[in-house]
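S.K.:
There are 2 protein chains.
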Amino acid sequence: MGVRIVIIGAVAAGPKTACRARRLMPDAEIILLDKDDLISYGGCGIPYYVSGDIPDEKELRSTSYHIVRDEDFFKNAKGVEVRTLTKATAIDRKEKVVHIEDVGTGKKDSIAYDKLVIATGSRPNILPIPGRELERIFTVSSLHKAIAIKEKLAKGEVGKAVVIGGGAIGIEMAEALADLWGVETTIIEFMPQVLPRIVDKPIADMVTQHLKENGVSVYTNEAAKEFLGDSQGRVTKVVTTNRELEADLVIMAAGVRPRGELAKDAGLEVSPYGAIVVNQRMQTTDPDIYAAGDCIETLHLVTGKKAYAPLGSCANREGRVVADNLAGIPSTFEGVVGSFIMKVFDICVGATGISLEVARSEGFEAVGGFAVQSDRAHFFPTQALMFLHLVADKSTRRVLGLQGIGKMGDGLMARINSAAGMIARKSSIADFSNLELAYAPPFSTAVDILNVSANIADNLASGRMRIVEIEDFLAWMEGKIEKPDWMVLDLRHPKEAEPFAEKFSGKWFALPYNRVRPELDKLPKGKKFILICNAGTRSYEIQLFLDSVGIEGSMVLPGGLNVIRRLGVSWWPEIG
Amino acid sequence: MGVRIVIIGAVAAGPKTACRARRLMPDAEIILLDKDDLISYGGCGIPYYVSGDIPDEKELRSTSYHIVRDEDFFKNAKGVEVRTLTKATAIDRKEKVVHIEDVGTGKKDSIAYDKLVIATGSRPNILPIPGRELERIFTVSSLHKAIAIKEKLAKGEVGKAVVIGGGAIGIEMAEALADLWGVETTIIEFMPQVLPRIVDKPIADMVTQHLKENGVSVYTNEAAKEFLGDSQGRVTKVVTTNRELEADLVIMAAGVRPRGELAKDAGLEVSPYGAIVVNQRMQTTDPDIYAAGDCIETLHLVTGKKAYAPLGSCANREGRVVADNLAGIPSTFEGVVGSFIMKVFDICVGATGISLEVARSEGFEAVGGFAVQSDRAHFFPTQALMFLHLVADKSTRRVLGLQGIGKMGDGLMARINSAAGMIARKSSIADFSNLELAYAPPFSTAVDILNVSANIADNLASGRMRIVEIEDFLAWMEGKIEKPDWMVLDLRHPKEAEPFAEKFSGKWFALPYNRVRPELDKLPKGKKFILICNAGTRSYEIQLFLDSVGIEGSMVLPGGLNVIRRLGVSWWPEIG
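Protein chains in written order, with my numbering: chain Z, 2 to 577; chain B, 2 to 577.
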């Protein structure tokens, strides 16, 4: 027998570490502990299990060749010993022993280790809202909870649901409830937008609008204050800062926090919020103890600051690095850029790096190149519009982040993933302008939207392009701010522009793009034009032309009316 | 008036240069010349116009907002003067004058320039085959040719077609003919595989098999020797090295070569094959003359050698760099990695960087990590298998290329594009193992197939994994090579494995993956096992286990039977 490796936690990082270590170290004794009975499952699949896309929870714990990953599987196929329902209660670093307790019988025992791996994961945040102990208020933290939620749905016990939290899991759960089960679902988000700090407001508001179009109510800037229940102790209502909502089911999706207590109690360094501190080899402050997955703190490769990134994909890659180092292969995990993607009904939204809002709050003088373009050749029948927002630092030209929204499919992921590795490698706007993406009409355009978003960021950073903030344009249109010298110059086809020019006569002037040069004298004088087309491209060209003939101060509406249309504004004219 | 910029060629790089230069240099006089009357079109869309996916050729020459890009458009919308049917016949560098000729009238004239841009593109290779002057033998080199081909198809004049050349354009044209028009189509390829030097043989052979399943005949290792015609001078037959094929239409898709004559005759440096030599700022050896697009030579960023990359996407990015430099913005085009993607009926195939075969011929000690995995969570209903082949240098660990095949959609492009920027930046296998790709079950897996292909390359480069070459395995199965000590160890589920073990009794032994550890003594002795599963993953695990118990010399079949099945092998058992 070789060294004994004990791993605490058998969901993602733990099993990954165990199996890779077994392959690299045939002589090692490898023991995996978990306090639960269900192990090694794809937690990110829970919303799709609840929705019914995945009929059986066993599929979340099975291999691609349809074997359930249980104790027998780990023993016979992987050569790894798993002890389920075994809770690690303390680590004695001096004696190199983990104290354990049988969850069923309460029997205590201990197990010696040569090397220890902590993969204890995260726990959901429970907001301190009165009534939170009522029945039918769930977090989405384990397969057991997911099974319980689906059971209630299947029994028809849920007519109305409230989801607390407009992050990725909250939105995925809302779709799961509304789409297949027809549950009347409401999302409550404390911040002014969904997906806060992940995408910027225009993209978030497009997601919100799409949720609404699919029957999900969304209330931002709103917090749950109290849960009310019936005589049987079941939740019946959510009282928010603005209203009361009936609810047979409440999903609390308010983020997660690391399970670092075991490490902290053993005297290992943890962050102020409890995440275990590790070096790039995933060693804790005790070199014989490693940690990986949702319980650790990592580095953000854009901000250079410590970060918390509880993602299943990171957990797996971290587990591989732990196993390598256990086996003496010098392997490192450098940090994260926060790559993210999700399905929302018929669209998908994704991001990598940081948003414009985050970039500015981190002190970057950042610009955001907003590109709207067909995801493939505009003449190819399956094309659909995509929206990308590329965030870059003005002085260094470094690209800091990319976010986007597009039709459900893999097209958006193609752009997000292309950016992820580049951003981690500190690439510049010019690197993105020149990035050589594969081109054929069924897949992309000769100048891909990702290149275009970089070109726009270049034009902004160089001061060649000037934009109006979408928020300011909306406020002006809605009469919330006064700008007497502002006027829209609508460059679209007359058929598109006329209904607007009529409805907003006096503030909205229509002259098609290809008539501006020949009919320049038709333009109203003394106005500061907001240049509008469908995507922003024609507007930018006309901005440069107007500058060249001395009509200064014009501003491009980034993304054009293709963005505004998807925000669900109230003032959009009725078009026959 | 500012400087006068004359641009020769108005298809891709030329118009791109003109429009960007106009935006950057409002005072410049910009004149675009083209010998054709149809300009600024998406040449890569031609196969989809021929197929009927794109009904009207005008769509290939229109903007996304449906305006045809003709002379009026360039004048009124873009502020650029275009002279069509104007052939540039010579460049007088001393006088800074381009000599031109009106294609219609033959009238000669000249036009002075301050800065000149050559964007003369490429011309198709015409193979020196007797009979090549017959009617209905076409290249796919211009919109006029495409219109003529489609006209013949629409009139029902084409029952059988032969495509000479199994590169991307040949395959796209074959699909266009066979799929919508029902033409009996044959591809002839001189090399031993389709897509030669772009992908390696296993991937190419999967493409061939898919073409055959969709009714297209493919003959590799075969050359056209002669074209035979009827009394009206129309082609009727293609005589190859192996057979005679009836044909009402022949498409010659044997690559293109640069149109560099104008540059060469003006004394500018051109490559041995006629491509214009430029620096990274796209300047020719005359600093007042730039060149871009299919007529130039560029650098391959993997091999470090001069390369020819006639791609519409590069042409556009090069044009942007030319315009920047004309306007005094120091901008560079560093070179290419050769990113490529194409649709083939229901699948897509793509690549970036170099193939294993090319890598080895360039002197790299290269390994190829062959990964086969679900393109998204294996429990997600829309999942499909994807095949990736990651090529890396064993000693430096640098990733040299990535190629793959998958279900038609954007999933493969997501992986190819993610790799493109990384490969251009000389990233290592470890960089790819750790690449942070966005994960959610509807899009990908927690450990994405791209990470997995790098992990496999790592295992190969480290000597932990040993493989049998797919070609050798096939030769052995087909009795072409003798290997008395070889035996298949089939690790799949007994239901899958039994028909093979029965049919190939004596050389094919079945023992499921999770029974090898407990039932090790059942294995036949003295054999060199070829380890087989569906993807290669289980095989690798068992290889390490067998090594650890002293059963040495086993070899993993890369990609497992999922690859073999897609090669259309004759020996596949009938499974009831």
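All C-beta atoms, glycine included, are put in the ideal place defined by N, C-alpha and C.
Chain B beta carbons: is any one of them nearer than 8 Å to that of I1 of chain Z?
M.R.: The first residue shown for chain Z is 2 and the last is 577, placing residue 1 of chain Z beyond what the model contains.
S.K.: May I have a chain-ordered list of the alpha helix (DSSP H) segments no shorter than 4 residues that lie completely inside the stretch 135 to 179 of chain Z?
M.R.: With a minimum length of 4 residues, the continuous alpha helix (DSSP H) runs that stay inside the stretch 135 to 179 of chain Z are 144 to 155.
S.K.: Is S506 of chain B helix, strand or coil by DSSP?
M.R.: Here the question's residue 506 of chain B lines up with position 505 in the second sequence. Reduced to three states, the DSSP call for S506 of chain B is coil.
S.K.: Compare the beta carbon distance of I130 of chain Z and K226 of chain Z with 8 Å and say whether it is the shorter of the two.
M.R.: What you label residue 130 of chain Z is simply residue 129 of the first sequence in a count that begins at 1. What you label residue 226 of chain Z is simply residue 225 of the first sequence in a count that begins at 1. Yes, the pair counts as a contact, with Cβ atoms nearer than the cut-off.
S.K.: Please report the straight-line C-alpha distance between G364 of chain B and I355 of chain B, rounded to a whole angstrom.
M.R.: Residue 364 of chain B sits at position 363 when you count from the first residue of the second sequence. Residue 355 of chain B sits at position 354 when you count from the first residue of the second sequence. So the two alpha carbons sit approximately 12 Å from each other.
S.K.: G261 of chain Z: which of Z:A455, Z:G122 and Z:K88 sits nearest, CA to CA?
M.R.: As a first step, residue 261 of chain Z is located in the first sequence; it is residue number 260 there, counting from the start. That would be Z:G122, whose Cα lies nearest to the Cα of G261 of chain Z.
S.K.: Using a Cβ-Cβ cut-off of 8 Å, state whether H379 of chain B counts as contacting chain Z.
M.R.: The residue labelled residue 379 of chain B in the question sits at position 378 within the second sequence. For H379 of chain B, the answer is yes, since a Cβ of chain Z falls inside 8 Å of its Cβ.
S.K.: Throw me the rounded Cβ distance for the G132 of chain Z and A254 of chain Z pair, which I believe falls under 8 Å.
M.R.: Numbered from its first residue, the first sequence carries residue 132 of chain Z at position 131. Numbered from its first residue, the first sequence carries residue 254 of chain Z at position 253. G132 of chain Z to A254 of chain Z, Cβ: 17 Å. No contact.
S.K.: Below 8 Å between beta carbons: does that hold for S340 of chain Z and A393 of chain Z?
M.R.: Taking the first sequence and counting its residues from 1, one reaches residue 340 of chain Z at position 339. Taking the first sequence and counting its residues from 1, one reaches residue 393 of chain Z at position 392. In this structure, A393 of chain Z does not lie closer than 8 Å to S340 of chain Z by Cβ.
S.K.: Please compile the residues from chain Z whose C-beta is within a distance smaller than 8 Å of the C-beta of F546 of chain B.
M.R.: Position 545 of the second sequence, counting from 1, holds the residue named residue 546 of chain B. The answer, in chain order, is P27 and G80.
S.K.: Between P311 of chain Z and D295 of chain Z, which are expected to be in contact by the criterion C-beta below 8 Å, what is the C-beta distance as a whole number of angstroms?
M.R.: By one-based count along the first sequence, residue 311 of chain Z stands at place 310. By one-based count along the first sequence, residue 295 of chain Z stands at place 294. Correct: roughly 4 Å between the Cβ atoms.
S.K.: Any contact between the stretch 54 to 61 of chain Z and the stretch 103 to 115 of chain Z? By contact I mean 3 or more CB pairs, one from each, below 8 Å.
M.R.: Too few Cβ pairs lie closer than 8 Å, so no.
S.K.: By the criterion of Cβ-Cβ separation under 8 Å, what are the contact partners of L312 of chain Z in chain B?
M.R.: In the first sequence, residue 312 of chain Z corresponds to position 311, counting from 1. Under the 8 Å cutoff, chain B gives Y440.
S.K.: Chain Z partners of I552 of chain B, CB-CB under 9 Å?
M.R.: For the purposes of this step, residue 552 of chain B is taken as residue 551 along the second sequence, with counting starting at 1. Within chain Z, no residue comes near I552 of chain B; the closest Cβ sits about 12 Å away, beyond 9 Å.
S.K.: Is it true that the CB of D432 of chain B sits closer than 8 Å to the CB of M423 of chain B?
M.R.: Counting from one through the second sequence, the residue named residue 423 of chain B turns up at place 422. Counting from one through the second sequence, the residue named residue 432 of chain B turns up at place 431. Closer than 8 Å, so yes.
S.K.: In the DSSP output, which residue or residues are listed as bridge partners for T304 of chain B?
M.R.: Locating residue 304 of chain B in the second sequence gives position 303, where the first residue counts as 1. DSSP lists no partner for T304 of chain B.
S.K.: Where do the N-terminal and C-terminal ends of the beta strand (DSSP E) with K529 of chain B fall, by residue?
M.R.: Along the second sequence, one-based indexing puts residue 529 of chain B at 528. First-last of the beta strand (DSSP E) with K529 of chain B: K529 to I533.
S.K.: Please confirm if the stretch 160 to 176 of chain B is in contact with the stretch 281 to 290 of chain B, defined as three or more CB-CB distances below 8 Å between the two stretches.
M.R.: No, because fewer than three Cβ pairs between the stretch 160 to 176 of chain B and the stretch 281 to 290 of chain B fall closer than 8 Å, the two stretches do not touch.
S.K.: Please report whether the beta-carbon of L558 of chain B lies at a distance below 8 Å from any beta-carbon of chain Z.
M.R.: Here the question's residue 558 of chain B lines up with position 557 in the second sequence. No, its Cβ sits nowhere closer than 8 Å to a Cβ of chain Z.
S.K.: Given that S375 of chain B touches chain Z, what residues does it touch there, using C-beta distances under 9 Å?
M.R.: In the second sequence, counting from the first residue as 1, residue 375 of chain B sits at position 374. Under the 9 Å cutoff, chain Z gives S65.
S.K.: Can you round the beta-carbon distance between L401 of chain Z and S419 of chain Z to whole angstroms, since I take them to be within the 8 Å contact cut?
M.R.: The residue you call residue 401 of chain Z lines up with position 400 of the first sequence. The residue you call residue 419 of chain Z lines up with position 418 of the first sequence. With 8 Å as the limit, L401 of chain Z and S419 of chain Z do not qualify as a contact, their Cβ atoms being about 15 Å apart.
S.K.: Identify the residues that DSSP records as bridge partners of T353 of chain B: which are they?
M.R.: Residue 353 of chain B sits at position 352 when you count from the first residue of the second sequence. In DSSP, T353 of chain B forms a bridge with B:L403.
S.K.: Inspect the beta-carbon positions of L532 of chain Z and L568 of chain Z and report whether they are closer than 8 Å.
M.R.: Counting from one through the first sequence, the residue named residue 532 of chain Z turns up at place 531. Counting from one through the first sequence, the residue named residue 568 of chain Z turns up at place 567. No, Cβ-Cβ distance for L532 of chain Z and L568 of chain Z is not below 8 Å.
S.K.: Count the CB pairs spanning the stretch 142 to 156 of chain B and the stretch 268 to 288 of chain B that are closer than 8 Å, and state whether there are at least three.
M.R.: Flag = no, the stretch 142 to 156 of chain B and the stretch 268 to 288 of chain B do not touch.
S.K.: Residues in its own chain within less than 8 Å of F501 of chain B by CB, not counting five upstream and five downstream?
M.R.: Reading the second sequence from its first residue, position 500 is the one you call residue 501 of chain B. Only V489, D491, W509, A511 and P574 meet the Cβ criterion.
S.K.: Which residue comes first and which comes last in the alpha helix (DSSP H) that contains L263 of chain Z?
M.R.: Your numbering for residue 263 of chain Z matches position 262 in the first sequence. Residues E262 to D266.
S.K.: Less than 8 Å between the C-beta atoms of G216 of chain B and A276 of chain B, yes or no?
M.R.: In the second sequence, counting from the first residue as 1, residue 216 of chain B sits at position 215. In the second sequence, counting from the first residue as 1, residue 276 of chain B sits at position 275. Their beta carbons are not under 8 Å apart, which means G216 of chain B does not touch A276 of chain B by this criterion.
S.K.: What would DSSP say about Y274 of chain B, mapped onto helix, strand or coil?
M.R.: On the second sequence, residue 274 of chain B is found 273 positions in, with the first residue counted as 1. Coil.
S.K.: Which term fits E158 of chain Z, buried or exposed, when burial requires 16 or more other beta carbons within 10 angstroms of its beta carbon?
M.R.: Counting from 1 along the first sequence, the entry for residue 158 of chain Z is found at position 157. By the 10 Å Cβ count, E158 of chain Z comes out exposed.
S.K.: Nearest to D1 of chain Z by alpha carbon, out of Z:T85, Z:K116 and Z:A439?
M.R.: With chain Z covering 2 to 577 only, the question about residue 1 of chain Z has no answer from this structure.
S.K.: If you compare alpha carbons, which of Z:R70, Z:F228 and Z:D449 is closest to V163 of chain Z?
M.R.: Translated into positions along the first sequence, residue 163 of chain Z becomes position 162. Comparing Cα positions, the closest option is Z:F228.
S.K.: Is the distance from the Cβ of N126 of chain B to the Cβ of G256 of chain B below 8 Å?
M.R.: Here residue 126 of chain B corresponds to residue number 125 of the second sequence, with the count starting at 1. Here residue 256 of chain B corresponds to residue number 255 of the second sequence, with the count starting at 1. Result yes, Cβ atoms of N126 of chain B and G256 of chain B sit closer than 8 Å.
S.K.: In terms of DSSP beta bridges, what is E298 of chain B paired with?
M.R.: As a working note, residue 298 of chain B is residue 297 in the second sequence. Looking at the DSSP assignment, E298 of chain B forms a beta bridge with B:V278.
S.K.: Kindly indicate if chain B contains any beta-carbon less than 8 Å away from that of M174 of chain Z.
M.R.: Position 173 of the first sequence holds residue 174 of chain Z. It does not; no Cβ of chain B falls within 8 Å.
S.K.: I need the straight-line Cα distance from A439 of chain B to L181 of chain B, nearest angstrom please.
M.R.: As a working note, residue 439 of chain B is residue 438 in the second sequence. As a working note, residue 181 of chain B is residue 180 in the second sequence. Straight-line Cα distance between these residues: approximately 37 Å.
S.K.: In whole angstroms, what is the alpha-carbon distance linking V81 of chain B and T299 of chain B?
M.R.: Taking the second sequence and counting its residues from 1, the one referred to as residue 81 of chain B is at position 80. Taking the second sequence and counting its residues from 1, the one referred to as residue 299 of chain B is at position 298. Their backbone Cα atoms lie some 28 Å apart in a straight line.
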